[in-house]
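S.K.:
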Amino acid sequence: MADVFKGLNLIETLKESMENNKLSDVKEAMEDLLISRINLAVVGDRGEEKVSFMNSLRGLGPEDDGSAPSQSPVEPEDIDGYPHPKHPDFRLWDLPPVPATSPFEPEGYMNRYKFLRYNAVFMTFTQIVQPNSANVFLEALSLQQQTVYFLLLTSVKDTDKSLEEKRKASLEVLKSQGVKQPKVFLVKPSNLEKFDFPDLLAYMATDLPEIRAHALLLALPTLTLTMVTKKKEAFKALIWAAASLSGGMSAIPVPLVASMVDSSIAVRILTKAQLSLCVDDESVERLARQRHLEPARLKELRTCVLSVEVTKVEVKKRLAAAEKDLATVSSKLVEMALPRHARSASRSFTAMLQALNGAIDEMAADAEKIVAAALGGGK
Numbered sequence: 001m002a003d004v005f006k007g008l009n010l011i012e013t014l015k016e017s018m019e020n021n022k023l024s025d026v027k028e029a030m031e032d033l034l035i036s037r038i039n040l041a042v043v044g045d046r047g048e049e050k051v052s053f054m055n056s057l058r059g060l061g062p063e064d065d066g067s068a069p070s071q072s073p074v075e076p077e078d079i080d081g082y083p084h085p086k087h088p089d090f091r092l093w094d095l096p097p098v099p100a101t102s103p104f105e106p107e108g109y110m111n112r113y114k115f116l117r118y119n120a121v122f123m124t125f126t127q128i129v130q131p132n133s134a135n136v137f138l139e140a141l142s143l144q145q146q147t148v149y150f151l152l153l154t155s156v157k158d159t160d161k162s163l164e165e166k167r168k169a170s171l172e173v174l175k176s177q178g179v180k181q182p183k184v185f186l187v188k189p190s191n192l193e194k195f196d197f198p199d200l201l202a203y204m205a206t207d208l209p210e211i212r213a214h215a216l217l218l219a220l221p222t223l224t225l226t227m228v229t230k231k232k233e234a235f236k237a238l239i240w241a242a243a244s245l246s247g248g249m250s251a252i253p254v255p256l257v258a259s260m261v262d263s264s265i266a267v268r269i270l271t272k273a274q275l276s277l278c279v280d281d282e283s284v285e286r287l288a289r290q291r292h293l294e295p296a297r298l299k300e301l302r303t304c305v306l307s308v309e310v311t312k313v314e315v316k317k318r319l320a321a322a323e324k325d326l327a328t329v330s331s332k333l334v335e336m337a338l339p340r341h342a343r344s345a346s347r348s349f350t351a352m353l354q355a356l357n358g359a360i361d362e363m364a365a366d367a368e369k370i371v372a373a374a375l376g377g378g379k
């Protein structure tokens, strides 16, 4: 797939793609973001901490439907898979730990578990990392897989002192095996907003191809206020793509490309935003259970009707209102946004951009209030 959004400025890259008549690539990139197609592998002993981590990555608690069981149903040497309940193309793969045996051939382990098919691999442990895990990491680097990370999962028995000792010892093991500038991320499985997980996401955003980094961002639960902002920015880039196609398709002849992106695309984007921002009823109720809060208390924080339910009627109403309000939108915005030869078709672009950006702002504001309340002030 052509990575349309590769680069620091998604909108500028999108404009360049449109200038080069690559609308089919833009559509494909949009579809990837809407689907959130990504595969993550979690390597390590199948204990309570790993199970909790895999559930938290999908916004689930131990009692929720689809959560990973405390006892894996597969044999110790087999792979188990867990789809996301709301983003089915986002899958977690539970891999057994790297063997501590000697001699050890990392290629054999990687081939057996198809290591290179994953977008990212989390090497988890609760004590001190094993030397063979470092060998797998180095072998992955030699094969140009840069997205392998070491995660020290905390347990209820840990203290600040014991965690620091484990991390220090693990870093020494990695250095002794030849890992240059090793990093060990400290992660609290049941509360991913704590410790180093936000920093891990920042590294992954740099290491992953940008389309995959955004797909991951949109599929993860909304853990912090910073994540709300990043998700809002990602959706605005997605909206820009949809609006540009809506406004520009009829002006740029591309074979097999539809002449219009209608309200059904707007509904898909806003439905994805509702689920990604975790403002739908099910997500709010699940968060309330996990934080021991009354669901009604979080639900009443929502003021945007689209946070509660995304309907085609509401979306069409907002698009129609934006059409009527076009006279107040600066023509400079349209001129900057579209390729030169598409500006004659700018009306649809402007209406969709204005309507959907406004909706995303409202939904993100609801998400911020919910996250702040759940975290006790948004820490």
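All letters in the sequence shown, in the order written, are residues 1 to 379 by full-length UniProt numbering. Each residue gets a CB set at the ideal place from its N, CA and C atoms; glycine is no exception.
Counting only the same chain and skipping the five closest in sequence on each side, list residues whose C-beta sits under 7 Å from that of residue 301.
M.R.: So the qualifying residues of the chain are 366, 369, 370, 373.
S.K.: Suppose you measure from the CA of residue 180 to the CA of residue 148; what does that come to, to the nearest Å?
M.R.: Roughly 14 Å separates the two Cα atoms.
S.K.: Mark residue 86 as exposed unless 16 or more other C-beta atoms lie within 10 angstroms of its C-beta, in which case mark it buried.
M.R.: Buried, by the Cβ-count rule.
S.K.: Quick one, which of 89, 113, 93 has its alpha-carbon nearest residue 99's?
M.R.: Nearest option by C-alpha distance: 113.
S.K.: Out of 271, 268, 188, 230, state which residue places its alpha-carbon closest to the alpha-carbon of residue 49.
M.R.: Closest option to residue 49, Cα to Cα, is 188.
S.K.: Quick one, which of 72, 119, 313, 243 has its alpha-carbon nearest residue 37's?
M.R.: Of the listed residues, the one whose Cα sits closest to residue 37 is 119.
S.K.: For a test of the three-state rule: what should DSSP assign to residue 167, helix, strand or coil?
M.R.: Three-state DSSP puts residue 167 in a helix.
S.K.: With a Cβ-Cβ cutoff of 7 Å, do residue 110 and residue 43 count as a contact?
M.R.: No, Cβ-Cβ distance for residue 110 and residue 43 is not below 7 Å.
S.K.: Please state whether the Cβ-Cβ distance between residue 326 and residue 355 is less than 7 Å.
M.R.: Not a contact, by the Cβ cut-off of 7 Å.
S.K.: When the Cα of residue 35 is compared with those of 224, 172, 61, 89, which residue comes out closest?
M.R.: Comparing Cα-Cα distances from residue 35 to each of 224, 172, 61, 89, the minimum goes to 89.
S.K.: Look at the Cβ atom of residue 60, then the Cβ atom of residue 79, and state whether they are nearer than 7 Å.
M.R.: No, the pair does not count as a contact, with Cβ atoms beyond the cut-off.
S.K.: Below 6 Å CB to CB, which residues in the same chain sit around residue 243 once its five sequence neighbours on both sides are set aside?
M.R.: Only 349, 352, 353 meet the Cβ criterion.
S.K.: So is residue 117 buried or exposed if we call it buried at 16+ other beta carbons inside 10 Å?
M.R.: That one is exposed.
S.K.: For residue 369, does the three-state DSSP call read helix, strand or coil?
M.R.: Three-state DSSP puts residue 369 in a helix.
S.K.: Between residue 239 and residue 357, is the Cβ-Cβ spacing less than 7 Å?
M.R.: In this structure, residue 357 lies closer than 7 Å to residue 239 by Cβ.
S.K.: Is residue 195 near residue 201, with beta carbons less than 7 Å apart?
M.R.: No. Outside cutoff.
S.K.: Return helix, strand or coil for residue 37, following the three-state DSSP convention.
M.R.: DSSP places residue 37 in coil when its eight states are reduced to three.
S.K.: Buried or exposed for residue 435, please, with buried defined as at least 16 other CB atoms from any protein chain shown within 10 angstroms of its CB.
M.R.: No information on residue 435 is available, as it lies outside the stretch 1 to 379 that the chain covers here.
S.K.: Just to check my reading of the structure: residue 236 and residue 222 have Cβ atoms closer than 8 Å, yes? What is that Cβ distance to the nearest angstrom?
M.R.: Not a contact, Cβ separation roughly 16 Å.
S.K.: Closest by CA to residue 314, which one among 298, 273, 359, 275?
M.R.: It is 359.
S.K.: Identify the residues that DSSP records as bridge partners of residue 124: which are they?
M.R.: Bridge partners of residue 124: 151.
S.K.: State yes or no: is the C-beta of residue 129 within less than 7 Å of the C-beta of residue 115?
M.R.: The answer is no: Cβ separation not under 7 Å.
S.K.: In the DSSP assignment, the beta strand (DSSP E) including residue 82 goes from what residue to what residue?
M.R.: From DSSP, the beta strand (DSSP E) with residue 82 extends over 80-83.
S.K.: For residue 101, tell me which candidate among 108, 126, 132 has the shortest Cα-Cα distance.
M.R.: Answer by Cα proximity: 132.
S.K.: Cα-Cα, which of 199, 245, 212 is closest to residue 226?
M.R.: Residue 199 is the option with its Cα nearest to residue 226.
S.K.: By how many angstroms is the C-alpha of residue 51 removed from the C-alpha of residue 92?
M.R.: The alpha-carbon atoms of residue 92 and residue 51 are separated by roughly 11 Å.
S.K.: Return yes when the Cβ of residue 267 is within less than 7 Å of the Cβ of residue 312, no when it is not.
M.R.: In this structure, residue 267 lies closer than 7 Å to residue 312 by Cβ.
S.K.: Return the CA-CA distance between residue 387 and residue 71, expressed in angstroms with no decimal places.
M.R.: The requested residue 387 does not occur in the structure, where the chain is confined to residues 1 to 379.
S.K.: Using three-state DSSP, classify residue 297 as helix, strand or coil.
M.R.: Helix.
S.K.: Just how far apart, CA to CA, sit residue 162 and residue 220?
M.R.: Using only the alpha carbons, I get a separation of about 29 Å.
S.K.: Suppose you measure from the CA of residue 307 to the CA of residue 272; what does that come to, to the nearest Å?
M.R.: Roughly 11 Å separates the two Cα atoms.
S.K.: For residue 170 versus residue 126, is the C-beta distance shorter than 7 Å?
M.R.: No.
S.K.: Since residue 91 is in the beta strand (DSSP E), which residue starts that stretch and which ends it?
M.R.: Here the beta strand (DSSP E) through residue 91 covers 90-95.
S.K.: Cutting at 7 Å between CB atoms, please list the residues of its own chain near residue 134, excluding the five before and the five after it.
M.R.: If we look at residue 134 and ignore the five residues flanking it on each side, its Cβ neighbours are 173, 174, 177, 179.
S.K.: Measuring CA to CA, which of 45, 84, 55 is closest to residue 76?
M.R.: The candidate whose alpha carbon is nearest that of residue 76 is 45.
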